[in-house]
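In UniProt numbering, the protein residues as written are 1 to 87.
All residues carry an ideal CB built from backbone N, CA and C; glycine is no exception.
Comments concern the structure below.
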């Protein structure tokens, strides 16, 4: 899954780097997403796939808002995905 992790890390970084940091909650991230909550993240030729809304629903307890930068946010998302068995 290391390749899936790298793919997702890159996709997540691209999607969220345009957010207006610091972000105080998940809703602060929505304007940065190209398709809002319906934005889909995929890796491993679709083997790993979920929308931003699905991810937010599962990862709320794994995030520590506020975030001051995209890299810290993405690190926590990746760890949350692993903890939830989504990656």
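Item	Value
From the DSSP output, read off the bridge partner residues of residue 40.	51
Would you say the stretch 66-75 touches the stretch 50-58, given that touching needs at least three Cβ pairs under 8 Å?	no
Nearest-angstrom Cα distance between residue 79 and residue 35?	24 Å
Can you tell which of 10, 18, 68, 48 has the C-alpha that lies nearest to the C-alpha of residue 82?	48
Using only alpha-carbon positions, find the residue among 24, 32, 33 that is nearest to residue 60.	24
Hey, how far is the Cα of residue 3 from the Cα of residue 42?	12 Å
Which residues in the same chain as residue 84 place their Cβ atom closer than 8 Å to its Cβ, once the five residues preceding and following it in sequence are excluded?	58, 59, 62
Which residue's Cα is closest to the Cα of residue 14: 86, 87, 70?	70
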